[in-house]
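Since the structure comes first, as structure tokens, the remarks are kept for the end.
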Amino acid sequence: MPPHFRFSSQAAADAQRLNEELANLKAELAEERSLCGTSKAEVHELRVTWTALEPLEPSDLIQAASATSEVSRLQAELASQSNKLEQLQAQLEKQAVKAQEVRAQTLPAYADTLAQDLQPHWCATLAKDVQACGDSELASPLKADAFCSRPIVGRRPAAASLPALPKAISRLRAEVCVCGGSGGIGQPLSLLMAMDDNVGELSVYDLDFAMVPPGGVAADLNHLEKKVQVKGYVKSKEEKAIDVLGDCLKGCNLVLVPAGLPRKPGQTRDDLFKINAGIAKEVVEACAKYCPDAVIALIVNPVNSVVPAMAELYKKKGLDPKKIVGVTTLDGVRANKFVAELTGEDPKNIEVPVIGGHAGVTIMPVFSQDKHAAKIAQSEIPALDKHVQDAGTDVVNAKNGKGSATLSMAYAGARLGKAVLAGMAGTPTTECAYVMSDVEPGCPYFTSKARR
Ligand SMILES: NC(=O)c1ccc[n+]([C@@H]2O[C@H](COP(=O)([O-])OP(=O)(O)OC[C@H]3O[C@@H](n4cnc5c(N)ncnc54)[C@H](O)[C@@H]3O)[C@@H](O)[C@H]2O)c1
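Number 105 in the UniProt record's numbering belongs to position 105 of the sequence shown; there are no gaps in the numbering.
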């Protein structure tokens, strides 16, 4: 502040005060004059006062005026600055609102894109590999087991043309449910999913007469050094899943379903259809009500028949039937392992696509598609095909009536589950799965490579 500023303000105030006094005196004088005439002494006195006032006027008042105008200029500048600030704040608020709108518009669309992960139009077109399908048998999706009478070997699937994908969106905190989570597959599957960093919440659901209460499985898994929260949900035989699974299923992104009876020696997967389709139906109906956007991965056998039945059920409800995914990953896992055993290659470097379905001859490993498997002599392929196709039955027989594949199935189920979540989180993944499909005309449901 310039040094004269304080003085000038004071001077201005004094001048103001004195001018006011002078004005009062003048007014009084005028009144005196009008009332009683003018006395010489008074006139003299007034002159003296008037003269005493004179020296205050010119310089001080000019300085005071300039100081006042400086203050006004600063005040005006301040006002304009705060005006600008208000405008910026308003702009900022507008931008925040706009950003919110953009988020609201983009995220659902993005989520929708992600939900299409396993849709056949993203799948590699493997149709050319399948030429031996029996037409009349294919009419009914429930007869999918019969659609192919011999395994396909040595033909190359056409390359997939895939849409551009959005960039990865960091880690998910997905909600996952394992239905039948206390069973032979369910427990190790729950363990493996709880270990996936993309899983934020895991629900373990089973019946009240299960081998272990689901609450116990949850308590056990909650001691893992993981951020995941595990909750157990139980249902009695009398209760209906659709009435009691609201808390368990609401918000789920992925529902893995190993709930159902396993095979016994001498049984085919089809022998399980009546009971297991009923179990799958009650789970799928509850999913339709509480988490219609979730991917439902059906492990329960017979996959070839349960998946079409449940997908048709979803379609009838006006929901997306492609959310229903049959888990055939174990066939690929086995094919990789058996090729590794034959070639001596590390299994982690082997990826044999297994297409078709998930029972007997519908399990079709395409060995030509893996660079290590492709080196196997053609004469060895029929036996290798059979080894993969019969592997499930081999485990059933080895367990001697005490169940079917559980640990390798949990591994395979978790592989598929993690792939789905990784895809949802924006990391491209490829797995074979049995889904409603148009890759092979006449095969409404088909296992093929799904990639994002
Ligand atoms: N897709 C595959 O490759 C593959 C491989 C192996 C087994 N499986 C199938 O997986 C299923 C499960 O096999 P598992 O060995 O774990 O059997 P399991 O009997 O050990 O476990 C099944 C669990 O499901 C529960 N359950 C039964 N009905 C239920 C219902 N209505 N709601 C919720 N939970 C219910 C049971 O209480 C049990 O805990 C079988 O159908 C089996 O054939 C599929």
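Beta carbons are placed, not taken as given, at the ideal position from N, Cα and C, and that holds for glycine. All values derive from a computational prediction rather than experimental measurement.
T447 and A288 have their C-alpha atoms roughly 23 Å apart. A direct Cα-to-Cα measurement between P188 and A377 gives close to 37 Å.
Looking at N276, V178, G344 and A90, the one whose alpha-carbon comes closest to that of C248 is V178.
In this structure V217 is not in contact with S236, their Cβ atoms being roughly 17 Å apart against a cut-off of 8 Å. In this model, L192 and T429 are separated by some 18 Å (Cα to Cα). Remark: C-beta atoms of G392 and A405 approach each other more closely than 8 Å. For G326, the enclosing beta strand (DSSP E) has its first and last residue at I324 to G326. Listed as beta-bridge partners of D206 by DSSP are V234. The residue from G403, D293, P441 and A79 with its alpha-carbon nearest to that of Q267 is G403.
In this structure, the CA atom of M364 is about 55 Å from the CA atom of Q95. With a threshold of 7 Å, the Cβ atom of R334 does not count as near ligand 1, since no heavy atom of the ligand is closer than that.
Between ligand 1 and the CB of E282, the shortest heavy atom gap is smaller than 7 Å. Within the same chain, and ignoring the five residues on either side of Q229 in sequence, the residues whose Cβ sits closer than 8 Å to its Cβ are G200, E201, L202 and N222.
Rounded to the nearest whole angstrom, the CA to CA distance from T329 to V303 is 12 Å.
C252 is the residue among D271, C252 and I275 whose C-alpha sits nearest the C-alpha of A297.
When secondary structure is reduced to three states using DSSP, P258 falls in the coil class, being assigned neither helix nor strand. Residue range G246 to L249 is occupied by the alpha helix (DSSP H) that includes C248. Sequence-distant partners of A241 (beyond 5 residues in either direction) whose C-beta falls short of 8 Å from its own C-beta, in its chain, are K235, E282, V283, E285 and A286. The residue from P444, G442, C443 and V435 with its alpha-carbon nearest to that of A450 is V435. Secondary structure of Q229 (DSSP, three-state): strand. Contact between V257 and I299 holds: their C-beta atoms lie close to 6 Å from each other, under 8 Å. Taking a contact as a CB-CB distance under 8 Å, the pair A335 and V388 counts as one, their CB atoms being some 5 Å apart.
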